[in-house]
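First residue of the sequence shown: 668, per the working numbering; consecutive thereafter. Where a beta carbon is used, it is the ideal one built from N, C-alpha and C, also for glycine. What you are looking at is a predicted structure, and each value in this text was computed from that prediction instead of being measured. This report refers to the structure that appears directly beneath it.
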Amino acid sequence: RASALIWMTLLGACRNLGEIQRGEMALNYISLLEPDNGAPYILLSNIYATNGRWNDVKMLRETMVQRGVKKRPGCSMIEVNDEIHRFFPRDQWHPDCKAIYAKLDTLNSQLKEQGYVPDTRLVLHDVDEEKKKSIICCHSERLALSFGLINTPSKTPLLIVKNLRMCADCHTVFKLLSIILDRTINLKDANRFHCFHNGQCSCEDYW
Ligand code: ZN
Ligand code: ZN
């Protein structure tokens with residue numbers, strides 16, 4: 668009998684392949700096995716959004732409200748100098764906040780030079796394009812990464828742990844940064860380990 672994690676993995680594969688019907692089936696199974704889990708709803712919303720099915724995104728959000736399912740906030744952790752640092756999306760409270768966002772700006776410029784354009788379709792908030800870009804560029808794992816880069820010698824491999832599944836845009840960014848920065852970045856998300864190295868990820872884009 669498939670566990671919720673197996674269905675979640677199938678749902679992730681459906682996102683890669685644009686398989687909407689199978690994705691909906693996977694969500695139904697997950698919602699029976701883990702009724703409080705908001706992650707599959709977000710993932711299916713991403714599939715709808717990348718296919719321009721905004722009405723379905725809206726209906727799925729309403730289903731979440733009806734079923735009392737909440738989206739947990741993302742949280743990423745990184746250990747630097749024997750201390751664990753925690754980051755939430757668009758965090759402003761960290762003492763090194765200024766330096767972290769300055770580093771993030773530098774990274775964004777480097778990414779842009781490589782042709783990266785943020786995939787704002789993954790942002791499900793009803794806000795303008797610029798705001799969407801700023802939301803996706805401040806996901807918790809990117810803040811944890813910036814902090815790790817500031818506080819470790821160049822080329823040191825980094826390990827980040829995230830409570831939710833990382834989004835497809837952050838996945839693309841981490842692959843690109845592993846080349847740009849010549850660093851191995853390991854990230855354990857809610858689904859699996861990702862080892863970003865030389866522009867590739869060990870998950871081969873299935874997670
Ligand atoms: Zn992300
Ligand atoms: Zn991966």
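DSSP places Asn683 inside the alpha helix (DSSP H), whose first and last residues are Ala671 to Leu684.
According to DSSP, residue pairing for Lys829 in a beta bridge involves Ser743.
Of Tyr715, Ser776 and Leu778, the smallest CA-CA separation from Leu791 is found for Tyr715. Segment contact: the region 769 to 783 against the region 843 to 851, three or more CB-CB distances shorter than 8 Å; contact assigned.
Relative to the non-hydrogen atoms of ligand 2, the Cβ of His838 comes within a distance shorter than 7 Å of at least one. For Cys834, the shortest separation between its Cβ and any heavy atom of ligand 1 lies below 7 Å. Ligand 1 approaches His806 closely enough that one of its heavy atoms is under 7 Å from the residue's Cβ. Following the DSSP letters along the chain, one finds Arg753 inside the beta strand (DSSP E) bounded by residues Glu750 to Phe754. Secondary structure at Cys804: coil, using DSSP grouped into helix, strand and coil.
Exposed is the label assigned to Asp772, since fewer than 16 other Cβ atoms lie within 10 Å of its Cβ. Contact between Ala811 and Met744 holds: CB atoms are separated by about 7 Å, below the 8 Å threshold.
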